[in-house]
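Protein chains in written order, with my numbering: chain L, 2 to 379; chain G, 200 to 256. So the structure is just underneath, and the comments pick up after that.
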Amino acid sequence: MKKMKTLYKVIEDKTITWFENSNEYVVLENTTADILKRLSQGISEKDIAEALSKKINVPLDHAEDFIEHLKKEVSEPNSLQKETIINDHRDIQKPKIYEFVKFYQINDINFKVSFLSETELSLIHPKFSHLVVDEVSNYDNEFEVFIANNFIFLYVNKSCIGSWSHKDVHFFQGKFSMELIQKIHQKEEDKWMGVFHASAISNGQKSMLFLGDSGNGKSTSLALLQASGFTCIADDFVPMDAKKQEVYSFPAAISIKRNSLETLLPIYPELETSAEFNFTRLNKVVRYLKPNTTNFLQHLPCHDLVFIKYQKDSDLVCKKISKIDAFQQLIPDSWLSPKIENTQLFLDWFSTLNCYQLTYSENEKMIAAVSKIFNNDL
Amino acid sequence: MQNNIKHNQEEITRKEAIKKIGNYGKYAALTALGTYLILNPQKAQAASVPSNPGTGF
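Next comes the structure, spelled out in structure tokens:
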């Protein structure tokens with residue numbers, strides 16, 4: 002049997018253990034992780050059980066039983082991969098005519114993106130409409146998006162990247178964004194450490210990530226902060242590179258939900274007019290606020306993770322939280338490179354972070370707290 | 200009310216990630232060592248899940 006590669010990282014009073022064959026992170030007690038390490042070094046179960054029995058003062062047979070279970074349940078994770086339905090779309094013909102063709106310029110790179118109909122357009126275009134330029138003949142990249150047989154297809158420079166069913170449309174949008182950042186920052190997928198479901202701002206020297214469940218106010222906070230002297234680096238899709246573990250700019254606009262309008266309209270009156278997209282045929286209205294920068298080449302180090310929450314009438318709460326708690330919330334929401342080298346870099350980077358919880362109802366106090374975190378002044 | 204429901208759902212999700220090895224009754228130290236948390240990152244890059252996705256394209 003092929004030996005499984007495992008990484009261990011002690012963070013606070015736990016050991017985060019990563020298994021290469023499943024790209025799974027397991028948070029273990031340090032002693033439990035030590036047992037796994039010893040097992041992988043070939044030390045006999047009997048020797049380990051004896052040591053454990055003495056260390057925590059339990060009968061030897063219980064210690065043996067524990068190690069047996071640990072081996073089966075944790076160090077030999079179920080290798081049966083869930084069967085995925087492979088879409089056989091070899092017969093799919095690309096459309097000859099697209100209803101919408103848009104040209105976008107990001108930094109000095111020109112993209113031609115063709116959408117079969119308003120449905121495809123509505124899934125991508127509003128986020129990037131601030132980057133639209135007049136038609137150019139010498140574009141650098143060509144993206145094509147069309148729905149056929151109830152799947153949405155993405156082609157990049159004539160190659161099929163993939164197809165997704167309606168329930169996986171957020172993975173289609175994620176892949177579109179991933180293809181885009183590879184072209185913008187000229188880094189292939191294996192050069193990225195991960196993509197976080199977060200918002201990112203910078204003070205010019207470094208960046209900070211805002212995380213939290215949908216509806217907690219990540220994008221609203223980002224919009225407020227970019228009106229107060231901070232720079233928007235990314236919203237919803239925050240890429241980080243493996244080499245230097247820096248947050249990279251992602252040029253999409255900030256998605257504004259209806260319930261944030263009251264807060265944001267006084268600062269951004271355009272939300273009522275130009276920033277609103279009304280897809281009448283689809284009965285769908287979305288609003289996007291463009292980022293306050295045109296330099297989408299930026300990449301900055303990040304040392305702070307902030308779990309942010311807007312809560313009506315709440316006093317300001319800004320406190321450090323345990324990294325293990327932050328880890329639990331971060332991982333299920335992130336795409337992390339399955340490459341072992343990148344995972345080691347991710348664990349090393351994560352272990353150096355400061356993690357905070359910030360709950361607020363008054364915008365000025367939130368902005369002041371963010372400044373303090375940037376200045377290590379909390 | 201809605202907030203409460205959402206909050207409970209979140210707690211349930213996190214509890215589901217907690218696993219326990221075996222059953223060691225009075226040996227609390229073993230129970231503690233056998234309690235662990237499994238976390239799986241997203242299988243692919245994703246955007247936010249749409250709030251009202253509908254049923255088809």
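Built from N, CA and C at the ideal position, the CB exists for glycine as well.
Given L:Tyr-361, which residues of its chain have a CB within under 6 Å of its CB, disregarding the five upstream and five downstream residues? Hits under 6 Å: Leu-317, Met-367.
Limits of the alpha helix (DSSP H) - the one that L:Ser-208 falls within: For L:Ser-208, there is no enclosing alpha helix (DSSP H); the enclosing beta strand (DSSP E) has its first and last residue at 208 to 212.
Is L:Asn-31 helix, strand or coil by DSSP? Helix.
Output, in sequence order along the chain, the residues in the stretch 265 to 292 of chain L whose CB is closer than 8 Å to any CB in chain G. With the criterion set as a beta carbon lying under 8 Å from some beta carbon of chain G, the stretch 265 to 292 of chain L has no members that meet it.
Is the CB-CB distance between L:Lys-103 and L:Val-114 below 8 Å? Their beta carbons are under 8 Å apart, which means L:Lys-103 touches L:Val-114 by this criterion.
Three-state class that DSSP yields for L:Thr-1 in the structure shown: Residue 1 of chain L lies beyond the range of chain L shown here (2 to 379); nothing can be said about it.
Tell me, please, whether the CB atom of L:Glu-25 is closer than 8 Å to any CB atom in chain G? Yes, contact with chain G.
Is the stretch 256 to 269 of chain L in contact with the stretch 173 to 188 of chain L, if contact means three or more CB pairs nearer than 8 Å? Verdict: no, contact absent.
DSSP three-state label for G:Glu-210, please. Caution applies to G:Glu-210, whose pLDDT of 45 falls short of 50 and renders its modelled position unreliable; the value that the coordinates give is listed next. Helix.
Taking Cβ positions only, does L:Asp-242 come closer than 8 Å to chain A? This model lacks chain A altogether, as its protein chains are L and G.
Taking a contact to mean a Cβ-Cβ separation below 8 Å, would you say L:Lys-95 touches L:Glu-143 in this structure? No; because the gap between Cβ atoms is not below 8 Å, this pair is not in contact.
Helix, strand or coil: which one does DSSP assign to L:Val-239? Looking at L:Val-239 - three-state DSSP - the assignment turns out to be strand.
Against chain G, with Cβ distances strictly below 8 Å, would L:Phe-350 count as a contact? It should be pointed out that residue 350 of chain L corresponds to Trp in this sequence rather than to Phe. Chain G, which has no Cβ nearer than 8 Å to the Cβ of L:Trp-350, makes this no.
Under 9 Å Cβ-Cβ, which residues of chain G neighbour L:Asp-191? Neighbours of L:Asp-191 in chain G, taken as residues whose beta carbon is under 9 Å from its own, are absent, since the nearest beta carbon is some 13 Å off.
Since L:Pro-127 is in the beta strand (DSSP E), which residue starts that stretch and which ends it? Per DSSP, L:Pro-127 lies in no beta strand (DSSP E) segment; the continuous alpha helix (DSSP H) that holds it begins and ends at 119 to 129.
Can you give the beta carbon distance from L:Ser-178 to G:Gln-241, rounded, assuming they're within the 8 Å contact cut? Incorrect: roughly 13 Å between the Cβ atoms, too far for contact.
Counting Cβ pairs, one atom from each stretch, are 3 or more of them under 8 Å apart for the stretch 31 to 38 of chain L and the stretch 57 to 74 of chain L? Between the stretch 31 to 38 of chain L and the stretch 57 to 74 of chain L there are three or more C-beta pairs closer than 8 Å, enough to call the two in contact.
Measure from the alpha carbon of L:Lys-15 to the alpha carbon of each residue in L:Gly-43, L:Leu-290, L:Thr-32, L:Lys-168, then state which is nearest. Per the Cα distances, L:Thr-32.
Neighbouring residues, chain G, relative to L:Ser-215 (Cβ below 9 Å): Within 9 Å Cβ-Cβ: Ser-247, Val-248, Ser-250.
L:Asp-141 versus L:Tyr-105: straight-line alpha-carbon distance, rounded: Rounded to whole angstroms, L:Asp-141 to L:Tyr-105 spans 10 Å at the Cα level.
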